[in-house]
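Residue numbers (the UniProt record's numbering): 169 to 412. A virtual CB, placed ideally from N, CA and C, is assigned to each residue, including glycine.
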Ligand code: UDP
């Protein structure tokens with residue numbers, strides 16, 4: 169493990185919406201905000217240069233979510249494939265921003281789209297990580313009816329990551345909604361069992377189950393606060409809530 173870091177290899181999950189910034193007044197966070205992508209890239213680069221091996225799964229909700237487009241003319245599976253394609257766009261954007269700051273990356277896609285990304289090959293992903301490249305996984309699991317959270321849990325288990333870092337807009341899991349209640353208390357630690365029993369909306373149930381069955385701790389943290397992505401990757405105490 170690199171000096172003062174908690175983990176050698178981490179999985180960072182970033183939603184698509186996170187890449188869009190908070191620019192829209194109607195709350196529909198669409199598209200990509202280059203300043204936000206650059207800020208996220210900068211924190212990943214700093215952590216990567218400190219020696220932590222970093223895999224990233226990006227979502228696609230800033231462009232397309234399968235479930236909300238399903239309808240008479242588009243079945244769920246097709247809509248989900250569109251959502252997966254959206255994640256590849258985000259992956260390419262993040263790749264450019266990270267490489268501009270001097271760290272090598274590879275985008276590995278679960279759908280074959282070889283002109284823009286390598287196909288996902290597990291052993292190749294691990295080799296890239298060993299060489300210090302940031303590996304960005306596109307297209308989620310490659311299967312409809314899943315989410316990129318589940319993709320993050322799945323890939324984390326496959327590549328032997330030690331933790332799933334779930335970047336959100338709140339600093340962890342609270343006993344009630346911190347936006348409604350200023351006295352809401354943040355949990356430092358929670359068990360998978362509690363998260364599942366209370367139906368806490370940390371990640372979808374499939375993703376939580378994958379993590380639980382594979383003993384993968386999840387750290388839920390606030391990525392909107394400057395420096396927090398870097399801190400989360402380095403495993404600093406006090407950042408977010410740890411579910412294990
Ligand atoms: N998706 C899918 N299978 C996967 C991952 C994603 O079908 O393994 C589709 C699904 O339609 C989803 C969309 O891609 O709505 C975008 O992913 P997600 O909603 O997880 O992105 P996020 O909310 O993290 O931005």
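Quiz item: If you run the structure through DSSP and keep just helix, strand and coil, what is residue 240?
Solution: Here DSSP, grouped into helix, strand and coil, assigns residue 240 to coil.
Practice problem: Report the rounded CA-to-CA distance for residue 184 versus residue 233, giving the unit in angstroms. | Solution: Between the C-alpha atoms of residue 184 and residue 233 there is a straight-line separation of about 10 Å.
Exercise. Along the beta strand (DSSP E) that carries residue 394, what are the first and last residues, could you check?
Key: Element bounds for residue 394: n/a, residue is neither H nor E.
Quiz item: Is the stretch 240-259 close to the stretch 301-309, with three or more CB pairs under 8 Å?
Solution: With three or more CB-CB distances shorter than 8 Å, the stretch 240-259 counts as touching the stretch 301-309.
Quiz item: If you scan the stretch 213-290 from start to end, which runs of the alpha helix (DSSP H) of 4 or more residues do you find wholly inside it?
Solution: Whole alpha helix (DSSP H) segments, 4+ residues: 234-237, 244-268.
Quiz item: My guess is that residue 386 and residue 180 are in contact by the Cβ rule of under 8 Å, so how many angstroms apart are they, rounded?
Solution: About 12 Å separates the two Cβ atoms, so there is no contact after all.
Quiz prompt | Contact set for residue 325: own chain, Cβ-Cβ below 7 Å, skip 5 residues either direction | solution = Sequence-distant partners of residue 325 (beyond 5 residues in either direction) whose C-beta falls short of 7 Å from its own C-beta, in its chain, are 378, 382, 384.
Quiz item: Straight-line CA distance for residue 252 to residue 365?
Solution: One C-alpha to the other measures close to 29 Å.
Quiz item: Within 7 Å: the Cβ of residue 247 and any heavy atom of ligand 1?
Solution: Because some heavy atom of ligand 1 lies under 7 Å away, the Cβ of residue 247 counts as near it: yes.
Quiz item: Given residue 344, which residues of its chain have a CB within under 7 Å of its CB, disregarding the five upstream and five downstream residues?
Solution: Excluding sequence neighbours, residue 344 sits near 352.
Quiz item: Under a three-way DSSP split, which group does residue 304 fall into?
Solution: Strand, per DSSP.
Exercise. Confirm, please, whether the CB-CB distance from residue 200 to residue 230 is below 8 Å.
Key: Between residue 230 and residue 200, the CB-CB gap stays under 8 Å.
Quiz item: Buried or exposed: where does residue 221 fall if 16 or more other Cβ atoms within 10 Å of its Cβ makes it buried?
Solution: The residue is buried, with at least 16 neighbouring Cβ atoms inside 10 Å.
Quiz prompt | residue 294 in three-state terms, based on DSSP | solution = Helix, per DSSP.
Practice problem: Check whether the Cβ atoms of residue 317 and residue 391 sit closer than 8 Å, and answer yes or no. | Solution: Pairing residue 317 with residue 391 gives a Cβ-Cβ distance that is not under 8 Å.
Quiz item: For residue 287, is the beta carbon positioned less than 7 Å from some heavy atom of ligand 1?
Solution: Distances taken from the Cβ of residue 287 to the heavy atoms of ligand 1 include none shorter than 7 Å.
Quiz item: When every heavy atom of ligand 1 is checked, does at least one fall within less than 7 Å of the C-beta of residue 314?
Solution: Yes.
Quiz item: Does ligand 1 have even one heavy atom less than 7 Å from the beta-carbon of residue 233?
Solution: Result yes, Cβ under 7 Å from ligand 1.
Quiz item: Should the stretch 236-245 be called in touch with the stretch 198-218, which here means at least 3 C-beta pairs below 8 Å?
Solution: Not touching, per the Cβ criterion.
Self-check item: residue 197 beta carbon near ligand 1 (any heavy atom closer than 7 Å)
Solution: No, since every heavy atom of ligand 1 falls outside the 7 Å radius drawn around the Cβ of residue 197.
Exercise. Throw me the rounded Cβ distance for the residue 182 and residue 335 pair, which I believe falls under 8 Å.
Key: Going by Cβ atoms, the distance from residue 182 to residue 335 rounds to 5 Å, so yes, they are a contact pair.
Quiz item: Looking at the structure shown, is residue 399 part of a helix, part of a strand, or coil, going by DSSP?
Solution: Helix.
Quiz item: Taking Cβ positions, are residue 409 and residue 355 nearer each other than 8 Å?
Solution: In this structure, residue 355 lies closer than 8 Å to residue 409 by Cβ.
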